[in-house]
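This report concerns only the one structure given below.
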Amino acid sequence: MKKIYILFSACILLASSCGKQLVENPKSAIGTNTFYSNDAEAVLGVNGVYSWLGTSGGFKSSLWRALDEGTDVIRGRIWANDPVPTYQLTSFNPGYTSAIWTTMYRGISNANLVIDKVSKSAGVSKTIKDRVIGETKFLRSLYYYYLTGLFGDVVYYDETNYAIEYTQSLSRISAADIREKLVEALTDAESKLPAKYAGADAGRATKGAAQTLLTKIYLWQKKWDLAQKKAQAIVDSKTYLLQANYADIFLETGEFGPETIFEVDFEPVLNGHDHSAWYQPQKQVGVSPFVSRSWYGTYIPYTTFVNTIGENDKRRASIIATGYNNQPFLVDPVEQIKVWSGPKFWRLNTRQDNDGGLDMYVFRYADVLLMLAEAANESGDADKALWAVNEVRKRAFGATGVFTATLGQQAMRDYLFRERAVELYGEGQRRLDLIRWGKLVTAVKTAAATEDTYIANNIQDFHIRYPIPAIEIQKNPNLAPNNDGY
């Protein structure tokens, strides 16, 4: 779905976030009362909802950063003055979390407009109407999923009343209540979305994407049986499969492959990002073609994490690196860095920090299998949990590397704690996993104890949630009181 993330669409179609510009230059606007009159306009509308995922407040930068940095797997070499990953953020100094808040709500407002207008349009065919509403409900649910996971209790509004004079005075409601609403919306989306798309539509939200997000929400709710059934439905659909080689998933040729369930498309230069730069080693490794630019070598794996990846794990060479082209890296003389993030995220042909074209894999089939294992383990189905983890282990260790007997419930929990970190390294799952498990603070303290002591000392129990940015409370006093600790 190339070029779906077009900001122009989002701005034109979202009067509530771009209203000032639209009023000042009305000739640039497409009137929302006359738009959505046919299939093409309905599709253009949902394209605008997708577009927020690729912005700097989304997966281009801020949201992508929030979901992995400052956890127990990734340490940052230039974070000293960044309040978010160092756990020094406040309501008045929220760092990039303010951009996440703003972007997620812009996406939600855009989604509400599209659902409202398309559902009432007589000119949109039933096939396109159902699909567009399904896509939009999935995307809106995804935005709320990140808001509730990162901020906790937040404001909720939908297509039934999204007028700006109404939404700007709303109070927050519990994350638990919002998740109940998301289950309803995603269940409807699941019934409307196709299993697959072809051609230029590859990358749009599918039935499997809605089912995957539903599975995640059921895990948050500790509804183990429902989570297991939904994950099993994805498996039984046979729509997805694990690629034979882990490294191949992350090649440019692997985009929109058989394992990816939902991904955000990026293109070098025109619609790139800086992910690749952050993971690539700098030139002090002493091996060509590595160079030093402002963001290169930012993300380094914690030693405690590296030690969980077995030497016989076939994923190891993708996730971490100690050399390139049979040339060992030099040890950093100042910081004594011996292990760098591996080629999983490298794009050695990039010319600037922010022109990486690696897609953001939001959901993968391996994630579904590991969620199936977790849900089955918690519901007492040890055999199903064993089967699911072994599906992932076959690729990582070969057929002889599978578990031959079921694990006890706590042993499986401990295994999944480590396994999800390895399999999904850098893919935007770790922070929310740790928060959901109630392990963020202890995990970060353990990982940072020797390599980032200031982070280990800074993080407190209240850091499981970000603060509501002070500027948002100033605009809407009903957002107060802020989250505990802020």
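Numbering (mature numbering (1 follows the signal peptide of the UniProt record, and there is no 0)), first residue to last: -20 to -1, 1 to 466.
In this text, a Cβ means the ideal position worked out from N, Cα and C, and glycines have one as well.
For clarity, every value in this text was computed on a predicted model and none was experimentally measured.
Annotated as proximal: Leu150 and Tyr137, with beta-carbon spacing under 9 Å.
Runs of beta strand (DSSP E) with 3 or more residues, each lying fully within the region 321 to 406, are found at 340 to 344, listed in chain order. Using a Cβ-Cβ distance cut-off of 8 Å, the region 358 to 367 and the region 215 to 230 are not in contact, since fewer than three pairs of beta carbons, one from each stretch, lie closer than that value. 9 Å or more divides the Cβ of Thr288 from the Cβ of Arg416. Non-local beta-carbon contacts of Phe230 in its own chain, meaning distances under 6 Å to residues more than five positions away in sequence, involve Lys324 in chain order.
Glu243 carries a strand assignment under DSSP once its states are collapsed to helix, strand and coil.
Between the alpha carbons of Glu239 and Ala423 lies a distance of about 29 Å.
By the neighbour-count criterion, in which 16 or more other beta carbons inside 10 Å mark a residue as buried, Leu338 falls on the buried side. Of all alpha-carbon atoms in Tyr30, Arg152, Leu387, Leu33, the one lying nearest the alpha-carbon of Asn456 is that of Arg152.
If you check the CB distance, Asp432 and Thr284 do not come in under 9 Å. In the three-state reduction of the DSSP assignment, Pro281 falls in the strand class, which pools E and B. Ile300 has Ser321 as its beta-bridge partners, per DSSP. The residue among Phe242, Trp32, Lys161, Asn27 with its C-alpha nearest the C-alpha of Tyr85 is Trp32. Nearest to Ile451 by alpha-carbon distance, out of Asn18, Pro74, Trp44, Ala165, is Pro74.
By the CB criterion at 9 Å, Val271 and Phe309 fall outside the cutoff. Spanning the alpha carbons of Ala429 and Ala436 requires a straight line of approximately 6 Å. DSSP, read as helix, strand or coil, puts Ile453 in helix. Secondary structure at Gln307: strand, using DSSP grouped into helix, strand and coil. Only residues of its own chain outside the window of five on either side were considered, and among them Arg120, Tyr137, Asp138, Glu139, Tyr142 have a CB closer than 8 Å to the CB of Asn92, listed in chain order. Taking C-beta atoms as the reference points, Ala355 and Thr195 count as a pair closer than 9 Å. For Ile144, the enclosing alpha helix (DSSP H) covers residues 144 to 147. A direct Cα-Cα distance of roughly 6 Å separates Thr386 from Asp363. Distance from the CA of Glu115 to the CA of Leu166, rounded to the nearest whole angstrom, comes to 10 Å. Runs of the beta strand (DSSP E) lying entirely within the region 29 to 57, each at least 3 residues long, are 54 to 56 in chain order. In the pairwise beta carbon analysis, the region 76 to 84 is classified as not touching the region 96 to 106: fewer than three pairs are separated by under 8 Å. A check of alpha carbon separations from Leu221 across Glu371, Leu199, Lys203 identifies Glu371 as the nearest. Within its own chain, the residues whose Cβ lies closer than 8 Å to the Cβ of Ala175, once the five positions on either side in sequence are excluded, are Thr186, Lys187, Gly188, Ser217, Thr219, listed in chain order.
For Ile448, there is no enclosing alpha helix (DSSP H), as DSSP marks it with neither H nor E. Cβ-Cβ separation between Ile453 and Asn462: approximately 7 Å, consistent with a contact (criterion under 8 Å). Within the same chain, and ignoring the five residues on either side of Met392 in sequence, the residues whose Cβ sits closer than 6 Å to its Cβ are Asn357, Ala365.
Checking the DSSP bridge columns, you'll see Ile153 partnered with Val134. For Tyr30, the closest of His443, Asp19, Asp245, Ile197 by C-alpha to C-alpha distance is Asp245.
Counting along the chain, Val94 sits inside the alpha helix (DSSP H) bounded by residues 77 to 100. Counting only residues of its own chain and dropping the five nearest sequence neighbours on each side, Asp62 has a CB closer than 7 Å to the CB of Gly75. A Cβ-Cβ distance of about 6 Å is found for the pair Leu122 and Leu193, placing them in contact under the 8 Å criterion.
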